[in-house]
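In this note's numbering, the protein residues as written are 60 to 227. Since the structure comes first, as structure tokens, the remarks are kept for the end.
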């Protein structure tokens, strides 16, 4: 959880608070799969991405699934997280990404690949697939750049080729 000390020491702290119109907080005994939809860029870039929003609402429309969102932090928050040894969390419930069953990254452009590795590191999830075990979430990628997932092959568990909403 981001303390008021951290929030007061970074630029634009509201990007990390959530609670926007249309955000979904889903709890209950019927939730079988918890999914973190991760956008490997800052909130201001990712929050307006229509495909990301559509997938978020489709997944949360399933009785058995709960989806939350995560974005790459701006360098000021990244430094604070590392300094305090706090993990990267979801926007809705501030759940550490390592506690999800699946973390799904959208691959919109190749320059975001390094942000994926950084987000995994911030979350305390081993970057390399070979270093993860059953206690870690599955790492899935999708989006336009998933048509060539080879550059990330050592870091992901699987790639969804095609429209994510059709795959669900």
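Where is the CB? At the ideal position from N, CA and C, for every residue including glycine. Since the structure is predicted, the reported quantities are computational estimates derived from the model, not experimental observations.
Beta-bridge pairing of residue i - partner residues as DSSP gives them
i: residue 115; result: DSSP output for residue 115 lists no bridge partner at all.
i: residue 128; result: 96
i: residue 218; result: 200
i: residue 162; result: 95, 198
i: residue 155; result: 148
Within 9 Å, strictly: CB atoms of residue i and residue j
i: residue 77; j: residue 151; result: yes
i: residue 153; j: residue 93; result: no
i: residue 118; j: residue 227; result: yes
i: residue 178; j: residue 156; result: yes
i: residue 130; j: residue 106; result: yes
Residue i to residue j span [Cα, whole Å]
i: residue 70; j: residue 62; result: 14 Å
i: residue 102; j: residue 172; result: 16 Å
i: residue 192; j: residue 202; result: 25 Å
i: residue 194; j: residue 183; result: 12 Å
i: residue 87; j: residue 123; result: 9 Å
i: residue 149; j: residue 127; result: 6 Å
i: residue 114; j: residue 186; result: 24 Å
i: residue 108; j: residue 166; result: 12 Å
i: residue 214; j: residue 65; result: 30 Å
i: residue 110; j: residue 210; result: 23 Å
Reference residue i; option with closest CA among the options
i: residue 142; options: 122, 156, 181; result: 181
i: residue 199; options: 193, 212, 86; result: 212
i: residue 116; options: 84, 133, 188, 215; result: 84
i: residue 190; options: 216, 168, 174; result: 216
- Item | Stretch-stretch touch, CB-based, cutoff 8 Å, three pairs: the region 90-97 with the region 156-174 | yes
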